[in-house]
Amino acid sequence: MVEFHRNGKLSKGVNSTFIALIPKVISPQRLNDYRLISLVGCLYKVLAKVMANRLSGVIGKVVSDTQSTFVKGKQILDGILIANEVVDEARRMDKELLMFKVDFEKAYDFVDLKYLDLVMVNMNFPTLRRKWILECIETTTTSVLVNGSPTKEFPIERGLRQGDLLSPFLFLLAAKGFNVLVQAMVGPHMFHGFRVGRSSDVRLTHLQFVDDTLIIGEKSRLNVRSMRAVLLIFEEVSGLKVNFHKSMLTGVNVSDSWLSEAASVINCRRGSIPFGYLGLPIGGDARKLSFWKPVVDRIVNRLSSWSHKFLSFGGRLVLLKSVMSSLPI
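Here the sequence shown stands for residues 431 to 759, where the numbers follow my numbering.
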């Protein structure tokens with residue numbers, strides 16, 4: 431650890447990882463049906479925790495105001511409430527609104543490490559701090575656990591590990607590039623965000639929670655072309671891949687024919703209000719029971735799946751505290 435602190439070099443074996451395959455569906459048939467979780471060693475966990483704590487203290491100062499993940503004073507409900515307020519205002523004031531829900535394909539796995547280093551350079555990260563971070567993500571070696579037995583070890587050349595305490599903060603830094611591109615479009619009036627209020631100069635352009643991104647703007651063909659251009663450029667520079675076929679364009683006070691034509695330009699799906707974002711419906715009425723039905727259904731499904739497991743009272747208590755308590759939040 432002394433060598434790492436002074437020169438940014440990790441001893442061999444400290445950064446070794448096992449990848450566990452966690453099924454995302456009941457009967458997985460393809461590799462895409464699994465979520466890959468990295469199991470890291472205790473020594474690296476301690477190191478990553480220290481660095482993550484340091485990053486958490488400054489992350490709110492370097493990322494965009496529209497990014498609400500792991501930033502002190504912000505929480506997941508902020509984005510949901512803002513999006514619902516925007517939809518309500520568009521309906522109430524008869525404004526034309528476009529909302530594009532972006533689907534990034536396996537976001538953590540495609541982050542380009544050279545791009546991430548360039549982002550840290552432009553954020554004026556100290557040289558030694560950058561060395562620490564790059565050593566942690568560039569010297570990773572891993573093996574896959576198949577039926578409990580590890581395969582041959584191999585290096586990881588791109589992407590961030592799910593399960594690494596540093597990964598969420600580093601992904602926030604990578605996602606800052608998207609905000610920079612959007613602002614570059616706003617400056618020369620190539621993209622017009624949604625104006626909040628009648629006489630206000632405040633315009634909302636996008637919301638980000640990790641890789642869950644919602645682009646918000648006025649109805650115009652220029653905005654549609656700019657949305658696609660921003661995403662394609664961001665793909666090229668960051669390495670992240672946008673799944674346009676799963677992404678969705680919705681609108682308020684916009685005709686179905688116009689929305690369908692715009693969706694064909696972006697090559698995405700045409701959606702409708704209400705739609706799901708971060709687990710809750712956007713455009714729904716929070717005073718109605720149906721608004722909260724998705725949350726209730728998830729809790730019921732989770733409880734019913736646990737009823738088939740032979741868990742002790744202590745085991746059930748741990749699951750309730752670690753999993754169930756986070757669902758309503």
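For every residue, glycine included, the Cβ atom is placed at its ideal position computed from N, Cα and C. Just so you know, these numbers come straight off a predicted model, no measurement behind them.
Just to check my reading of the structure: residue i and residue j have Cβ atoms closer than 8 Å, yes? What is that Cβ distance to the nearest angstrom?
| i | j | result |
| --- | --- | --- |
| Leu543 | Arg588 | 6 Å |
| Lys671 | Phe530 | With 8 Å as the limit, Lys671 and Phe530 do not qualify as a contact, their Cβ atoms being about 16 Å apart. |
| Met481 | Leu596 | 6 Å |
| Ile696 | Phe705 | Contact doesn't hold; Cβ gap of about 16 Å is too wide. |
| Val501 | Ile489 | 6 Å |
| Leu661 | Val532 | 7 Å |
| Gly593 | Phe624 | Between Phe624 and Gly593 the Cβ distance is about 37 Å, and since that is not below 8 Å, they are no contact. |
| Asp547 | Leu564 | 6 Å |
| Leu485 | Phe599 | 4 Å |
How many Å lie between residue i and residue j at the Cα?
| i | j | result |
| --- | --- | --- |
| Leu652 | Val492 | 30 Å |
| Ser446 | Thr571 | 5 Å |
| Tyr749 | Phe740 | The question names Tyr, but residue 749 is Leu in the sequence shown. Rounded to whole angstroms, Leu749 to Phe740 spans 13 Å at the Cα level. |
| Cys472 | Asn437 | 21 Å |
| Pro724 | Gly709 | 7 Å |
| Val455 | Asp641 | 21 Å |
| Asn683 | Leu733 | 40 Å |
| Phe555 | Lys751 | 37 Å |
| Cys698 | Asn609 | 21 Å |
| His622 | Ser494 | 18 Å |
| His619 | Thr643 | 21 Å |
| Gln613 | Ser735 | 45 Å |
| Met657 | Gln505 | 26 Å |
| Phe674 | Arg655 | 14 Å |
Who are the Cβ neighbours of residue i in its own chain at under 6 Å, not counting the five residues just before and after it?
| i | result |
| --- | --- |
| Val574 | Ile449 and Thr581 |
| Lys649 | Glu526, Leu528 and Val684 |
| Arg465 | Ile452 and Lys454 |
| Lys389 | With the chain covering 431 to 759 only, the question about residue 389 has no answer from this structure. |
Starting from residue i, trace the beta strand (DSSP E) in both directions and tell me its first and last residue.
| i | result |
| --- | --- |
| Ala450 | Ser446 to Pro453 |
| Glu648 | Asp642 to Glu648 |
| Ser829 | The question about residue 829 has no answer, for the chain in this structure spans 431 to 759. |
| Phe740 | Per DSSP, Phe740 belongs to no beta strand (DSSP E) and is neither H nor E. |
| His636 | His636 to Phe639 |
| Val576 | Thr571 to Val576 |
| Leu710 | Leu710 to Ile712 |
Among residues of its own chain, excluding the 5 on either side of residue i, which ones have a beta-carbon nearer than 7 Å to its beta-carbon?
| i | result |
| --- | --- |
| Val667 | Tyr545 and Gly607 |
| Arg700 | Leu679, Leu689, Ser690 and Ala693 |
| Ile586 | Thr570 and Thr572 |
| Asp463 | Pro453, Lys454 and Val455 |
| Ser702 | Thr680 |
Tell me which residues share the same chain as residue i and place their Cβ nearer than 8 Å to its Cβ, disregarding the 5 neighbours each side in the sequence.
| i | result |
| --- | --- |
| Ile512 | Leu634 and Leu637 |
| Val626 | Val516, Glu519, Val632, Arg633 and Leu634 |
| Asp686 | Arg700 |
| Ala537 | Phe601, Val640, Asp641 and Leu670 |
In the DSSP assignment, find the unbroken alpha helix (DSSP H) run with residue i in it and report its ends.
| i | result |
| --- | --- |
| Val612 | Ser597 to Val616 |
| Val432 | Val432 to Asn437 |
May I have a chain-ordered list of the beta strand (DSSP E) segments no shorter than 3 residues that lie completely inside the region 456 to 491? 464 to 470
Of all the beta strand (DSSP E) runs that stay within the bounds of the region 506 to 566, which reach a length of 3 or more residues? 527 to 532
Write down every uninterrupted run of the beta strand (DSSP E) in the region 667 to 705 whose length is 3 residues or greater and which is fully enclosed by it, in chain order. 678 to 682
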